[in-house]
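*Asks:* I have a structure I would like to understand better, so I am pasting it below and will then ask my questions one at a time.
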Amino acid sequence: MTHTIKNKVSDRRHDRLTKLAALALAAFVLPACGAGSSGHGELGKHQQVLAACDPGTPPASLIAFDGTGSSTSDAIAAERMIAVEDVVRRTAVCSGYLRVLVFSASSAATKVLFDGSLKQDGATDNARLKKVPDAVAQTVNELRTGYSSAIQALPQGGSDITAQYRLAAEWQQQLGDRYRLDLMMFTDGLQNVGVDLGATVLTKEQATALADQVMVPKLPGASVVVAGLGRVAEGAPPSALVEGLVAYYDRLCQRTEAAACTSVSDYAPQGR
Numbered sequence: 418m419t420h421t422i423k424n425k426v427s428d429r430r431h432d433r434l435t436k437l438a439a440l441a442l443a444a445f446v447l448p449a450c451g452a453g454s455s456g457h458g459e460l461g462k463h464q465q466v467l468a469a470c471d472p473g474t475p476p477a478s479l480i481a482f483d484g485t486g487s488s489t490s491d492a493i494a495a496e497r498m499i500a501v502e503d504v505v506r507r508t509a510v511c512s513g514y515l516r517v518l519v520f521s522a523s524s525a526a527t528k529v530l531f532d533g534s535l536k537q538d539g540a541t542d543n544a545r546l547k548k549v550p551d552a553v554a555q556t557v558n559e560l561r562t563g564y565s566s567a568i569q570a571l572p573q574g575g576s577d578i579t580a581q582y583r584l585a586a587e588w589q590q591q592l593g594d595r596y597r598l599d600l601m602m603f604t605d606g607l608q609n610v611g612v613d614l615g616a617t618v619l620t621k622e623q624a625t626a627l628a629d630q631v632m633v634p635k636l637p638g639a640s641v642v643v644a645g646l647g648r649v650a651e652g653a654p655p656s657a658l659v660e661g662l663v664a665y666y667d668r669l670c671q672r673t674e675a676a677a678c679t680s681v682s683d684y685a686p687q688g689r
């Protein structure tokens with residue numbers, strides 16, 4: 418996809434989205450179920466995360482990277498991996514399941530980078546938490562290693578972002594109700610399969626009406642984050658276009674009946 422718009426997003430808009438981005442990964446934090454024992458350093462931080470986990474329904478974290486050329490750059494890849502590390506850590510602390518894939522032109526055009534449980538063995542919470550750092554490092558390293566080659570193996574003729582909602586619903590059904598779905602898509606949002614979201618600037622009303630025409634599955638109880646909207650490899654779209662993308666993906670998420678919806682332009686994880 419060719420992008421010729423070079424306008425920079427206003428500082429005010431950027432500051433607001435940066436604050437919103439801090440909420441993006443917070444959507445993966447489950448309601449608190451009681452505090453654990455207090456510790457220091459990394460163990461203490463992991464104990465705090467554990468206190469917010471729901472042991473009855475651990476997270477099934479599905480991370481979907483947009484592998485199309487418009488959002489392919491070393492800088493974007495680095496930003497994505499920083500954000501992903503936080504998701505991986507929370508999934509491991511909460512004894513959840515992780516699936517990571519790269520997609521492009523269709524639901525069939527995907528490459529899986531990781532698919533497995535991140536539950537750590539141990540007789541006590543602290544014993545399990547002490548194994549989390551190594552598990553996170555190993556998993557993130559595996560993602561970094563396979564990321565570029567996966568993108569290169571995908572067709573670059575289009576970007577079908579909405580197809581990932583259907584894949585997420587199918588994966589949720591496969592895992593069953595013992596997990597809660599946490600879907601996070603890293604994408605510039607510029608879909609061009611079925612509907613071309615980069616062709617023109619959409620008002621909030623137009624974007625919402627367009628999203629109402631798209632078929633999406635139901636994702637009750639899920640958390641859905643779409644991060645990186647308008648973040649492209651070359652140039653920066655005008656703030657009005659980004660606002661339209663946010664409205665579009667917010668509406669798509671609402672129609673899935675997810676429990677939490679977050680659509681932002683930045684990748685920054687909570688606390689960074």
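Counting in the numbering used here, the sequence shown runs from 418 upward without gaps. Backbone N, C-alpha and C fix where the C-beta goes; we use that ideal spot for every residue, glycine too.
List the whole-angstrom C-beta distance separating Leu530 from Ala552, where the pair is believed to meet the contact cut-off of C-beta under 8 Å.
*Replies:* With 8 Å as the limit, Leu530 and Ala552 do not qualify as a contact, their Cβ atoms being about 16 Å apart.
*Asks:* Assign Ser566 to buried or exposed, taking buried as 16 or more other Cβ atoms, counted over all protein chains shown, within 10 Å of its Cβ.
*Replies:* Under this definition Ser566 is an exposed residue.
*Asks:* Are Ser488 and Val642 close, meaning C-beta to C-beta below 8 Å?
*Replies:* Their beta carbons are not under 8 Å apart, which means Ser488 does not touch Val642 by this criterion.
*Asks:* Give the DSSP bridge partners of Pro476, in chain order.
*Replies:* The partner list for Pro476 (beta bridge, DSSP) reads Arg597.
*Asks:* Tell whether a beta-carbon distance below 8 Å holds between Ser576 and Thr485.
*Replies:* Contact flag set, yes.
*Asks:* Taking the CB atoms as reference points, tell me whether Ala481 and Gln581 lie closer together than 8 Å.
*Replies:* Yes. Within cutoff.
*Asks:* Taking Cβ to Cβ, would you say Tyr684 is nearer than 8 Å to Glu559?
*Replies:* It is not a contact, given that the beta carbons lie outside the stated cut-off.
*Asks:* The beta strand (DSSP E) that contains Val643, what's its start and end?
*Replies:* From DSSP, the beta strand (DSSP E) with Val643 extends over 640-644.
*Asks:* Could you give the first and the last residue of the continuous beta strand (DSSP E) run that contains Lys528?
*Replies:* Residues 527-534.
*Asks:* DSSP three-state call for Arg648: helix, strand or coil?
*Replies:* In this structure, Arg648 counts as coil in the three-state DSSP scheme.
*Asks:* Which same chain residues end up closer than 7 Å to Asp605 when comparing Cβ atoms and leaving out the 5 residues on each side of it in sequence?
*Replies:* So the list reads Asp483, Ser487, Ser488, Gly645, Leu646, Gly647, Arg648, Val649, once near-sequence residues are dropped.
*Asks:* Tell me, which residues are paired with Thr673 by DSSP?
*Replies:* BP columns for Thr673 are empty, so no partner.
*Asks:* Under the three-state reduction of DSSP, which class applies to Thr508: helix, strand or coil?
*Replies:* The answer is helix: DSSP assigns Thr508 an H, G or I state.
*Asks:* Taking only the alpha-carbon atoms, compute the straight-line gap between Glu622 and Gln671 and give it to the nearest angstrom.
*Replies:* Roughly 15 Å between the two C-alpha positions.
*Asks:* Grouping DSSP H, G and I as helix and E and B as strand, with all else coil, what is Asp551?
*Replies:* Of the three classes helix, strand and coil, the one that applies to Asp551 here is helix, per DSSP.
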